[in-house]
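*Asks:* Residue numbers (full-length UniProt numbering): 1 to 309. Glycine included, every Cβ here is placed at the ideal spot set by N, Cα and C. Computed from a predicted structure; not experimentally measured.
1. Residue 106: which of 157, 80, 120, 208 sits nearest, CA to CA?
2. May I have the straight-line CA-CA distance separating residue 112 from residue 209, to the nearest angstrom?
3. By DSSP, does residue 109 sit in helix, in strand, or in coil?
4. Along the chain, where does the alpha helix (DSSP H) that runs through residue 130 open and close?
5. For residue 25, does the count of other Cβ atoms within 10 angstroms reach 16, so buried, or fall short, so exposed?
6. Which of helix, strand or coil does DSSP assign to residue 215?
7. CB of residue 181 to nearest heavy atom of the ligand NAP: below 6 angstroms?
8. To the nearest angstrom, report how far apart residue 37 and residue 28 are at their CA atoms.
9. Take residue 42 and list the residues in its own chain whose beta-carbon comes closer than 6 angstroms to its own, dropping the five residues that flank it on each side.
10. Given a cut-off of 7 angstroms on the beta-carbon distance, is the pair residue 54 and residue 96 in contact?
11. Using DSSP with H/G/I as helix, E/B as strand and the rest coil, what is residue 287?
12. From which residue to which residue does the alpha helix (DSSP H) around residue 172 run?
13. Can you tell me whether DSSP reads residue 193 as helix, strand or coil?
14. Counting C-beta neighbours from all protein chains within 10 Å, is the total for residue 162 16 or more, i.e. buried, or is it exposed?
15. Among residues of its own chain, excluding the 5 on either side of residue 311, which ones have a beta-carbon nearer than 7 angstroms to its beta-carbon?
16. Check whether the region 167-186 touches the region 197-216, taking contact to mean three or more Cβ pairs, one atom from each stretch, closer than 8 angstroms.
17. For residue 80, which three-state DSSP category applies?
18. Which value, in whole angstroms, describes the spacing of the CA atoms of residue 14 and residue 211?
19. Going by alpha carbons, who is nearest to residue 214 out of 19, 142, 104?
20. Might you give, ordered along the chain, the residues of its own chain that have their beta carbon closer than 6 angstroms to the beta carbon of residue 83, omitting 5 neighbours on each side?
21. Contact check, residue 46 vs residue 22 under 8 angstroms by CB: the rounded distance?
22. If you run the structure through DSSP and keep just helix, strand and coil, what is residue 13?
23. Decide if residue 206 is buried, meaning its Cβ has at least 16 other Cβ atoms within 10 Å, or exposed.
24. Take residue 61 as the anchor and find which of 18, 228, 94, 159 has the nearest alpha-carbon.
25. Applying the criterion that 16 or more other CB atoms from any shown protein chain within 10 Å of the CB defines a buried residue, is residue 20 buried or exposed?
26. Check whether the Cβ atoms of residue 89 and residue 128 sit closer than 7 angstroms, and answer yes or no.
27. Kindly indicate the opening and closing residues of the beta strand (DSSP E) around residue 152.
28. Between the C-alpha atoms of residue 243 and residue 227, what's the straight-line distance to the nearest angstrom?
29. By how many angstroms is the C-alpha of residue 230 removed from the C-alpha of residue 266?
30. Kindly give me the distance between the Cβ atoms of residue 31 and residue 192, rounded to whole angstroms, as I take these residues to be in contact under 8 angstroms.
31. Are the CB atoms of residue 125 and residue 117 nearer to each other than 7 angstroms?
32. Could you tell me which residues DSSP puts in a beta bridge with residue 91?
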């Protein structure tokens, strides 16, 4: 085993020339961050670009470069769905079945494509060409239903167009996204881009579609504009000559507030009626009312006396 080779739980190693290249690129990635461990996400994309998934040897390399344990690296790799823990297809086809895409036909597209390829979610065709994913959102709701191939957009799909798309991929034919690059990069190639190494192809095709541009045209026609951005460093507080900031002694104010509360409590205690107005030695009067008061007593006492007169 060479000094630079990274051991793994399976006993596999990167060839020396491959590991040297990966470490050189990893050094570029790490240099972008003030703390080296912040580079873990792009490093996982880097090793995935080599193996087609995050292999045990890739876990070991990331851990060695960043001074982390393999468990720490694995915990991150298993959290995000973009990192594959088993060999992935050359092209990942993702069908959105979230709310809007679903009601626009996304569920039907998923069912037809899954049946056509004979695979389900996170499964790969026998030839290793296509992996299929059921996605929650492709962030392109204005073009629903949307299918993505290695995270490139294919907008406004139908079951028929989606099947034609996967058939073209399986046949090795180039496919053109609705927006972005003119052709779709392989899974390994796009993983290298996600590691932070641009391939210069992002702006080959249109960056925005008709649905997005329509909103801009309407805004121009209506004269709608977004609020102007203000640089916080240029904002100065307005001066008001007739307004002065009061000088407040917080401790004194709190002391006065406590005194006021004590005075109020004392006043309330002074106004409370005594518990008993009975003089010492006198029997305590009952406050209970009889159900049938006797004539000439209580409320009827005065009236009964007048009638008798």
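*Replies:* For this structure:
1. By 1-based counting over the chain shown, the position of residue 106 is 106. The shortest Cα separation from residue 106 among 157, 80, 120, 208 belongs to 157.
2. Position 112 of the chain shown, counting from 1, holds the residue named residue 112. Position 209 of the chain shown, counting from 1, holds the residue named residue 209. Rounded to whole angstroms, residue 112 to residue 209 spans 26 angstroms at the Cα level.
3. Here residue 109 is taken as the residue at index 109 of the chain shown, counted from 1. Residue 109 falls in the helix class under three-state DSSP.
4. Looking up residue 130 in the chain shown gives position 130. Note, residue 130: premise wrong, no alpha helix (DSSP H); beta strand (DSSP E) at 130-135.
5. Taking the first residue of the chain shown as position 1, residue 25 is located at position 25. Answer is buried; the Cβ neighbour count reaches 16.
6. Counting from 1 along the chain shown, the entry for residue 215 is found at position 215. Note: residue 215 maps to helix in three-state DSSP.
7. Among the components modelled here there is no ligand, and therefore nothing to report on the ligand NAP.
8. One-based indexing of the chain shown puts residue 37 at position 37. One-based indexing of the chain shown puts residue 28 at position 28. Cα to Cα, residue 37 sits roughly 14 angstroms from residue 28.
9. Numbered from its first residue, the chain shown carries residue 42 at position 42. Excluding residues within five positions, the ones whose Cβ falls inside 6 angstroms are 29, 195, 196.
10. The residue given as residue 54 occupies position 54 in the chain shown. The residue given as residue 96 occupies position 96 in the chain shown. Taking 7 angstroms as the Cβ cut-off, residue 54 and residue 96 do not qualify as a contacting pair.
11. Here residue 287 corresponds to residue number 287 of the chain shown, with the count starting at 1. At residue 287 the pLDDT is 47, less than 50, meaning the model places this residue with poor confidence and gives no usable figure here.
12. Indexing the chain shown from 1 puts residue 172 at position 172. Unbroken run through residue 172: none, as it is neither H nor E.
13. Residue numbering aside, residue 193 sits at position 193 when the chain shown is read from its first letter. It is helical.
14. If you number the chain shown from 1, residue 162 lands on position 162. Counting Cβ neighbours within 10 Å, residue 162 comes out buried, since at least 16 surround it.
15. Not covered by the structure: residue 311. The range shown for the chain is 1 to 309.
16. yes
17. Reading the chain shown from its first residue, position 80 is the one you call residue 80. It is coil, neither helix nor strand.
18. The residue given as residue 14 occupies position 14 in the chain shown. The residue given as residue 211 occupies position 211 in the chain shown. So the two alpha carbons sit approximately 47 angstroms from each other.
19. By one-based count along the chain shown, residue 214 stands at place 214. For the residues 19, 142, 104, the minimum Cα distance to residue 214 belongs to 142.
20. The residue labelled residue 83 in the question sits at position 83 within the chain shown. Here the set comprises 44, 54, 77.
21. Indexing the chain shown from 1 puts residue 46 at position 46. Indexing the chain shown from 1 puts residue 22 at position 22. That belief holds up - the Cβ atoms of residue 46 and residue 22 are roughly 6 angstroms apart, short of 8 angstroms.
22. The residue labelled residue 13 in the question sits at position 13 within the chain shown. In this structure, residue 13 counts as coil in the three-state DSSP scheme.
23. Taking the chain shown and counting its residues from 1, one reaches residue 206 at position 206. Classification of residue 206: exposed, given that the 10 Å Cβ count is below 16.
24. Counting from 1 along the chain shown, the entry for residue 61 is found at position 61. The candidate whose alpha carbon is nearest that of residue 61 is 18.
25. Taking the chain shown and counting its residues from 1, the one referred to as residue 20 is at position 20. Residue 20 is exposed by the Cβ-count criterion.
26. Here residue 89 refers to the residue found at position 89 when the chain shown is read from its first residue. Here residue 128 refers to the residue found at position 128 when the chain shown is read from its first residue. In contact: residue 89 and residue 128 (Cβ atoms closer than 7 angstroms).
27. Residue numbering aside, residue 152 sits at position 152 when the chain shown is read from its first letter. Run containing residue 152: 152-154, per the beta strand (DSSP E) assignment.
28. Against the chain shown, residue 243 aligns to sequence position 243. Against the chain shown, residue 227 aligns to sequence position 227. A caution first: residue 243 carries a pLDDT of 48, below 50, which makes its placement in the model unreliable, though a value can still be read off. Taking the straight line joining both Cα atoms gives about 30 angstroms.
29. For this step, residue 266 is matched to residue 266 along the chain shown. For this step, residue 230 is matched to residue 230 along the chain shown. When rounded, the distance between both Cα atoms is 55 angstroms.
30. Reading the chain shown from its first residue, position 31 is the one you call residue 31. Reading the chain shown from its first residue, position 192 is the one you call residue 192. Their Cβ separation, rounded to whole angstroms, is 17 angstroms, which puts residue 31 and residue 192 out of contact at 8 angstroms.
31. The residue you call residue 125 lines up with position 125 of the chain shown. The residue you call residue 117 lines up with position 117 of the chain shown. Taking 7 angstroms as the Cβ cut-off, residue 125 and residue 117 qualify as a contacting pair.
32. As a first step, residue 91 is located in the chain shown; it is residue number 91 there, counting from the start. Answer by DSSP bridge pairing, in chain order: 130.
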